[in-house]
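Note sheet for the following structure.
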Amino acid sequence: MVQTGKKGDISQGQSSDIIIIGGGITGLFSAYYLTMAGKKVRIIEKDLVGSGASHGNCGLLVFSDLLPLCTPGTVQSELVRMIKGKSPLSIKPGINIPLWKFLYKFWTYCNEKSMHHSMGVRNEILNLSRELFEDFFGKQNPCEWEDKGVFIVCKDKDGLKKYGKVKELLEPFGIGHRFLSKEELLEREPAVKSDIAGGYLHSADSHLKPDLLINYLKVYLKTEKKVVFEENCHVKDFSVKNNKIKGVYTSRGEFKADHFVIAAGAWSGLILKNLGISIPVEPGKGYSITMERPGICPKAPCYMYESNVVATPFQTGYRLGGTMEFSGFNLSLNRKRLIKIKEAAKNYMKEPFGEPLIEEWTSLRPMCADDIPIISRLPEQHNAILAAGHGMMGITMATGTGKLVSEMVCEQETSIGVEPFRITRFSL
Ligand SMILES: Cc1cc2nc3c(=O)[nH]c(=O)nc-3n(C[C@H](O)[C@H](O)[C@H](O)COP(=O)(O)OP(=O)(O)OC[C@H]3O[C@@H](n4cnc5c(N)ncnc54)[C@H](O)[C@@H]3O)c2cc1C
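The sequence shown begins at 13 in my numbering and counts up one residue at a time.
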């Protein structure tokens, strides 16, 4: 953190009402609602817009996914699965103190009380996001959005039974996942192999092609809403005066604004260190493989339950994605993880791959210890809002998050209570 005055004045020409740090889906939807409220926005992105986790993800809008990752028994069962080589999770051995602190914190949330709390909170933001996405897609569909539900495909009876328990937990929220016998599932989704046990249909869920959504938002915000995009511009530090952020110091100079939104995904914690703030958000690396559509392409996304791998059909392609690797901020492609994804697909899908290959991709999910995003004013610098930690749900929660950010900046009553998303729920 730098006190203003020490580095000279910030050029007037670089001023805007609001600076958003991070050009991922969270930053873009924040800009979308802020400009709707009449604000002048600048987005600062260290690489290119959409180059973080928002590019090659599976594109599911899983409004029914209320269950957080931290549930009773998760740590024990994932450890056993890791030892057996069957877990999507991998943790790089070594001394990484923030990671071990994060994992410990995650473990403290693996109990009934936290799980039920989290389900209620997630339900609120997911309902808000669903309504806002419905409104958004009522006006345009720039990203191959399809409302076909999501299949949970269970290979064996144990998986079917285990998911049955998830279904029971979701029922009080009015989320009806339809059970599908093996025959029903095969009839509805002929792309699935015949040696499965059965599955479920989440009919309230849908999917889209995330890179198309990102590109659309970028062009729309730039041309229609005059949002200024600063790409290849790395935010390094803040200038602060009297507990107010005045500006950001970047690799391309200094920018000032009245309000700041930190929407830097998995990297948000690195930026906040400059303000002496620590958050339990760690990078959870995931992978995807995008191909042309195979001959027998799924009609709707298929979540291969025991393998935690998703096959998403797009109108213009097909994607396999999954795995969760805690290995710091490195973005190298680990071929073993890609092979694991392909093996899962071979196990469940009749024609698991399409030709040619379009992209092999990896990025970092912003994993928050309690699997609830942080959408909150900073405790001291009240003109800054943090919107990060959306984990595996950042696309799904993007509209709700953007709307809440805008309402908080504009000091309006928020669409849902924001107390559960506050940063101070963790001891800082
Ligand atoms: C394999 C995989 C599959 C997934 N599938 C789904 C799914 O089906 N549905 C779903 O809802 N979610 C899914 N997710 C999760 C989702 O992709 C993320 O939650 C979401 O993209 C997070 O968006 P974000 O904008 O917060 O972060 P990001 O998209 O990562 O954006 C943050 C941006 O901030 C920039 N930045 C960082 N530091 C700085 C700095 N100092 N200065 C300037 N800019 C900076 C980064 O470059 C980046 O572009 C998946 C993720 C993965 C990896």
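Ideal Cβ positions, reconstructed from N, Cα and C, are used throughout, including at glycine.
Cβ-heavy atom distance, residue i to ligand 1, below 7 angstroms
i, result
"Arg347", "no"
"Pro378", "yes"
"Cys70", "yes"
"Glu136", "no"
"Tyr261", "no"
"Tyr299", "yes"
"Thr235", "no"
"Val162", "no"
"Gly334", "yes"
"Glu57", "yes"
"Ser375", "yes"
"Trp157", "no"
"Val240", "no"
"Thr38", "yes"
"Ser193", "no"
"Ile477", "This structure cannot speak to residue 477, because the chain is shown only from 13 to 440."
"Gly366", "no"
"Gly85", "no"
"Met48", "no"
Beta-carbon spacing of residue i, residue j below 8 angstroms
i, j, result
"Ile226", "Ile55", "no"
"Pro378", "Gly401", "yes"
"Leu308", "Glu363", "Note on residue identity: the sequence assigns Ile, not Leu, to residue 308. Yes, the Cβ-Cβ distance between Ile308 and Glu363 is below 8 angstroms."
"Thr328", "Glu180", "no"
"Tyr212", "Tyr175", "yes"
"Met48", "Val165", "no"
"Glu242", "Glu90", "no"
"Phe163", "Glu199", "no"
"Gly333", "Ser300", "yes"
"Glu158", "Ser218", "yes"
"Ile397", "Arg134", "no"
"Thr408", "Leu140", "no"
"Asp168", "Glu318", "yes"
"Ile208", "Tyr360", "yes"
"Ala43", "Ala278", "no"
"Ser28", "Ala276", "no"
"Glu441", "Ser102", "Only positions 13 to 440 of the chain appear in this structure, which leaves residue 441 out of reach."
"Leu345", "Glu371", "no"
"Val61", "Met405", "no"
"Ile274", "Val321", "no"
"Val87", "Trp119", "yes"
"Lys104", "Gly340", "yes"
"Gly71", "Lys221", "yes"
"Leu197", "Gly210", "yes"
Given residue i as reference, the closest of the options once Cα atoms are compared
i, options, result
"Lys125", "Ile370, Asp382, Ile407, Thr413", "Asp382"
"Gly429", "Leu416, Ile384, Ser439, Phe41", "Leu416"
"Ile368", "Glu304, Asn359, Leu172, Leu60", "The question names Ile, yet the displayed sequence has Pro at residue 368. Here the closest residue by C-alpha is Glu304."
"Asp223", "Leu376, Leu350, His67", "His67"
"Arg190", "Ala203, Glu143, Lys205, Leu172", "Leu172"
"Gly161", "Met336, Asp77, Gly298", "Asp77"
"Glu50", "Cys422, Gln152, Val322", "Checking the displayed sequence, the identity of residue 50 turns out to be Gly instead of Glu. Closest by alpha carbon: Cys422."
"Gly34", "Ser280, Lys311, Asp207", "Ser280"
"Arg264", "Val247, Gly132, Pro313", "Val247"
"Gly97", "Phe250, Ala275, Arg349", "Arg349"
"Asp59", "Lys234, Asn244, Thr86", "Asn244"
"Leu182", "Lys230, Met131, Leu144, Lys205", "Met131"
"Phe41", "Met127, Phe145, Phe114", "Phe145"
Residue burial classification, residue i (beta-carbon count within 10 angstroms, cutoff 16)
i, result
"Ile30", "buried"
"Glu425", "exposed"
"His394", "exposed"
"Thr262", "buried"
"Leu46", "buried"
"Trp100", "It should be pointed out that residue 100 corresponds to Pro in this sequence rather than to Trp. With 16 or more Cβ atoms within 10 Å of its Cβ, Pro100 is classed as buried."
"Ile32", "buried"
"Thr83", "buried"
"Pro292", "buried"
"Pro325", "buried"
"Asp21", "Residue placement at Asp21 cannot be trusted, given a pLDDT of 39 that sits under 50; what the coordinates show is reported in the next sentence. Answer is exposed; the Cβ neighbour count stays below 16."
"Thr436", "exposed"
"Thr335", "buried"
"Thr411", "buried"
"Lys18", "Here the model assigns Lys18 a pLDDT of 40, short of 50, so the residue's position is not dependable, and the following value carries that caveat. Label assigned to Lys18: exposed."
"Met420", "buried"
"Arg347", "exposed"
"Gln15", "Here Gln15 scores only 48 on pLDDT, less than 50, and its place in the model is too uncertain to base an answer on."
"Ser439", "exposed"
"Ser23", "Caution applies to Ser23, whose pLDDT of 44 falls short of 50 and renders its modelled position unreliable; the value that the coordinates give is listed next. So Ser23 ends up on the exposed side."
Below-8 angstroms beta-carbon distance, residue i vs any chain C residue
i, result
"Arg437", "Included in the structure is just one protein chain, with no chain C present."
(request) Report the residue ranges of all alpha helix (DSSP H) runs contained in full by the stretch 262 to 343; include only those spanning at least 4 residues, in chain order. (result) Restricted to the stretch 262 to 343, the alpha helix (DSSP H) segments that are unbroken, complete and at least 4 residues in length are 280 to 284, listed in chain order.
(message) Which runs of the beta strand (DSSP E) at least 3 residues long sit entirely within the stretch 176 to 261? Give them in chain order.
(response) Counting only runs of 3 or more, we get 190 to 193, 210 to 214, 240 to 242, 247 to 253.
(message) Could you tell me which whole beta strand (DSSP E) segments of length 3 or greater appear in the stretch 127 to 176?
(response) Segments of the beta strand (DSSP E) lying fully in the stretch 127 to 176: 162 to 166.
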